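One structure below.
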Amino acid sequence: MKRVHVAAAVIRGVDGRILLARRADTQHQGGLWEFPGGKVEADESVATALSRELQEELGIQVTTARPLIKVQHDYPDKQVLLDVWEVSAFTGEPHGAEGQPLEWVAPRDLLNYEFPAANAPIVAAARLPTEYLITPANWKPRRCCAVSRKPLPAVSSWFNCVRQTVTTPSTVTWRWTRLACVPARPS
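Quick note: the sequence shown uses our numbering, first residue 2, plus one each step.
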């Protein structure tokens with residue numbers, strides 16, 4: 002049995018929600034929810050296939066995407082290779098150009114939807130945080146250490162926000178961000 006190569010997308014809106022499409026009842030794994038995409042044609046790159054499929058299915062043009070995960074799965078009647086990319090920017094307003102229902106879903110709510118079995122690792126990957134706080138081994142939290150994507154409005158003047166970036170095992174650089182807050186000296 003030949004493995005079908007599929008380009009699929011975890012499309013994130015500006016609010017962090019993820020776009021799902023419902024498979025037609027007549028399709029393989031019909032009636033289940035999926036991450037939009039489609040078959041990669043012979044001599045077509047995955048990025049090109051993804052852009053083409055999202056234009057055809059949703060009417061959007063991908064502007065920013067990166068590889069997320071590859072999944073091989075064997076169904077009794079079909080073998081698939083899902084080449085999944087995370088799409089973080091696009092133009093156009095997504096709509097079910099082929100009549101398929103669409104839903105924007107918070108990552109934490111993905112577990113409430115039924116997906117084909119091959120999508121389980123994609124659901125897990127889509128639910129992971131986009132950023133992680135990495136601290137030195139000897140780091141000890143002070144009075145406050147909040148992980149947030151937004152500043153803490155009531156106390157933002159009392160905090161300096163930093164993110165540690167490890168460039169090599171022995172080199173650490175610090176960059177300002179809203180990821181983690183540590184107390185600053187009052188001014």
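The beta-carbon is built from N, C-alpha and C at its ideal position, and this holds for glycine as well.
Since the structure is predicted, the reported quantities are computational estimates derived from the model, not experimental observations.
Reduced DSSP secondary structure (H/G/I, E/B, other) of Val-41: If you number the sequence shown from 1, residue 41 lands on position 40. Under the three-state reduction of DSSP output, Val-41 falls in the coil class, being neither helix nor strand.
CA-CA distance, Gln-56 and Asn-139? Counting from one through the sequence shown, the residue named residue 56 turns up at place 55. Counting from one through the sequence shown, the residue named residue 139 turns up at place 138. Their backbone Cα atoms lie some 49 Å apart in a straight line.
If we count Cβ pairs, one from each stretch, closer than 8 Å, do we get three or more for the stretch 91–101 versus the stretch 45–61? yes
Looking at Val-85: is its Cβ nearer than 8 Å to the Cβ of Val-5? Counted from its first residue, the sequence shown places residue 85 at position 84. Counted from its first residue, the sequence shown places residue 5 at position 4. Cβ distance not < 8 Å, so Val-85 and Val-5 don't count as in contact.
Per DSSP, Leu-20 forms a beta bridge with which residues? Position 19 of the sequence shown, counting from 1, holds the residue named residue 20. The secondary-structure analysis by DSSP pairs Leu-20 across a beta bridge with Trp-105.
Mapping DSSP to helix, strand and coil, what is Ser-46? Here residue 46 refers to the residue found at position 45 when the sequence shown is read from its first residue. Coil at Ser-46, not helix or strand.
Along the chain, where does the alpha helix (DSSP H) that runs through Arg-128 open and close? Working through the sequence shown from its first residue, we reach residue 128 at position 127. For Arg-128, the enclosing alpha helix (DSSP H) covers residues 121–128.
Sub-8 Å separation of Pro-108 and Gly-32 beta-carbons: On the sequence shown, residue 108 is found 107 positions in, with the first residue counted as 1. On the sequence shown, residue 32 is found 31 positions in, with the first residue counted as 1. It is not a contact, given that the beta carbons lie outside the stated cut-off.
Would you call Arg-13 buried or exposed, if buried means 16 or more other Cβ atoms sit within 10 Å of its Cβ? One-based indexing of the sequence shown puts residue 13 at position 12. Buried.
Under 8 Å between C-beta atoms of Ala-66 and Val-81: Sequence index remark: in the sequence shown, residue 66 carries index 65 (1-based). Sequence index remark: in the sequence shown, residue 81 carries index 80 (1-based). Cβ atoms of Ala-66 and Val-81: not closer than 8 Å.
Going along the chain, which residues of its own chain have a beta-carbon closer than 7 Å to the beta-carbon of Ala-119, five neighbours each way excluded? Here residue 119 refers to the residue found at position 118 of the sequence shown. Taking C-beta separations shorter than 7 Å and ignoring five residues to either side along the sequence, the partners of Ala-119 in its chain run Val-72, His-74, Val-81, Leu-83, following chain order.
Integer Cβ distance of Leu-69 from Ala-8, believed to fall under 8 Å: To locate residue 69, count along the sequence shown from 1; it is residue 68. To locate residue 8, count along the sequence shown from 1; it is residue 7. The Cβ separation is near 11 Å, so there is no contact.
Please state if the CB of Leu-20 and the CB of Tyr-114 are separated by a distance shorter than 8 Å. Within the sequence shown, residue 114 is the residue found at index 113, counting from 1. Within the sequence shown, residue 20 is the residue found at index 19, counting from 1. Contact: no.
What span of residues does the beta strand (DSSP E) with Ile-61 cover, start to end? As a first step, residue 61 must be located in the sequence shown, where it is residue number 60. Note, Ile-61: premise wrong, no beta strand (DSSP E); not H, not E.
Looking only at C-alpha atoms, which of Glu-35, Thr-27, Ala-25 sits nearest to Trp-105? Taking the first residue of the sequence shown as 1, we reach residue 105 at position 104. Among Glu-35, Thr-27, Ala-25, the Cα nearest to that of Trp-105 is on Glu-35.
How long is the line joining the alpha carbons of Glu-54 and Glu-132, rounded to whole angstroms? Along the sequence shown, read from residue 1 onward, the residue named residue 54 stands at position 53. Along the sequence shown, read from residue 1 onward, the residue named residue 132 stands at position 131. Cα-Cα distance, rounded: 28 Å.
Given this structure, state the Cα-to-Cα distance separating Arg-128 from Ala-121, to the nearest angstrom. In the sequence shown, residue 128 corresponds to position 127, counting from 1. In the sequence shown, residue 121 corresponds to position 120, counting from 1. Each residue's CA atom was taken as its position, placing Arg-128 and Ala-121 some 11 Å apart.
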